[in-house]
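If you read the sequence shown in the working numbering, its first letter stands for residue -12, the second for the next number, and so on.
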Amino acid sequence: MKKKILIDIFYLHIAQTGIKTYTESLLEAISQREVREEYEYIISPNHASIKTSTFFKGKTPKWKNLLFQLFYFIRKAIVLPILTYWYKSDIVLSPDILSPLWARGRKVSVLHDAFFWENPSHYNSLWRKYFLNALAFSLRRNASVVTITNYSRKQIEKYLNLPKLSIEVVYPATNLLAVPTVTTRKMLSKPYFLHVGVMEKRKNLLTLIKAFKQFLEGQNSNFCLVLVGQRGPRKDMDDYDAIIAEIKSSNLEDKVILPGYVSREELDSYYRHAFGYIFPSLNEGFGMPVLEAFSYQLPVIISRQGALMEVGDEAVLCPKTNKAADFAFEMKKIESDPVLRGELVKKGNNRLKYFGDGKRFLKDLEIYFEKL
């Protein structure tokens, strides 16, 4: 008899960052899998309907955000539990952290990081309290956790404080890897360093802009910095206005490019023609763009942050500190040393093989399911 896996993708209505990549990579792997007798995947809600819906997407007013949160908690407390009985699920997988409060079958939460505990100021205090209480309640019975790095597991174990809870590391995959046969037009004629991600405070982009200014003080005035991504999803996490102010005060309006949210084709082009990738984030659960940059044959600079250092290992450059001067130093090393660039690209290719593609990601998840 097939084991039924119910996957809750409701959060894709608003997801913009790692959860979106994780969920869409999983769905893509499921759609491309070889049909097996062991598993039947049930996706709820319908993925096509979520992709066409725009009601909760983009920059939304506060009342829409509150409405989504209401729908979200009703789904986790009532709708999703009922669906587990309707579909007779053996496992209900929640890529968006929070499992249903009760369910038929085993509940599996994907906790990507420990942000809720580490950055309480980024969340409304009442919402955060309710969310963490709901999370703890959902994990007390018939539940287990999947996370995405050993670093995240240690942090989650530290804060969650549920010693009997099973927490397993399953490395994810990204659905944005370079296709060698594809050719795209250059978006810029000048060489540039690239960053891709939502403009949240934890991404540390103010430091990156300061580092780029110092980098330009040498013989590198022809370079640009491209920051692909849109504003943070919540006002208390968004850093866009401060980024604009820093660019203006540094007189870098013609050097720092902000394309905003771009299409898949445009993003491919920005990756494909970049000189290097920089990831200065202060808090990550994994860091998918590191793998994406590896696949596009880019040398990568990361911050001194646990998850990024685990993912990048020896295939990346990591500054001595997360200060602007140290990032600028690493940028100058990449610019001035073509041998180093080649070594980093080679190491990046080897590191990428360690994580595998969507098929391996799904297979690793299924191996985990077999233990439940």
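Glycine residues also receive a C-beta, built at the ideal position from the N, C-alpha and C atoms.
All of these numbers come straight from a predicted model, not from anything done at the bench.
Query	Result
Residues bridged to residue -5 (per DSSP)	31
Contact test: residue 324 Cβ vs the ligand ZN heavy atom, cutoff 7 Å	No copy of the ligand ZN appears in this structure; indeed no ligand is present at all.
Whether residue 349 touches residue 16 by CB criterion (8 Å)	yes
Which residues DSSP lists as bridging residue 218, in chain order	186
Inter-residue Cα distance where the pair is residue 300 and residue 65	43 Å
Cβ-Cβ separation, residue 137 to residue 156 (assumed contact under 8 Å), whole Å	6 Å
Minimum Cβ-Cβ distance from residue 259 to chain B less than 8 Å	Chain labels in this structure do not include chain B; a single protein chain is all it has.
Beta-carbon proximity of residue 115 to residue 103, cut-off 8 Å	yes
Proximity to residue 336 [Cα-Cα], best of 315, 175, 282	282
Residue burial classification, residue 25 (beta-carbon count within 10 angstroms, cutoff 16)	exposed
Distance CB(residue 316)-CB(residue 182) smaller than 8 Å	no
Supposed contact pair residue 320 and residue 304 - C-beta distance, whole angstroms, cut 8 Å	7 Å
Backbone secondary structure at residue 180 - three-state DSSP	strand
Residue 86 vs residue 94 beta-carbon contact at 8 Å	yes
Residue nearest to residue 231 in terms of C-alpha spacing, selected from 224, 244, 1, 222	244
Residue closest to residue 189, alpha-carbon to alpha-carbon, out of 220, 202, 163, 213	220
Same chain, Cβ closer than 8 Å to residue -10, neighbours up to 5 away in sequence not counted	25, 26, 27, 77, 78, 356
Inter-residue Cα distance where the pair is residue 45 and residue 291	31 Å
Buried or exposed by the 16-neighbour rule on C-beta atoms within 10 Å, applied to residue 313	buried
Residue(s) in a DSSP beta bridge with residue 144	Note: residue 144 sits in no beta bridge, so no partner.
Opposing strand residues paired with residue 81 [DSSP bridges]	96
Short Cβ contact (8 Å threshold) for residue 279 with residue 294	no
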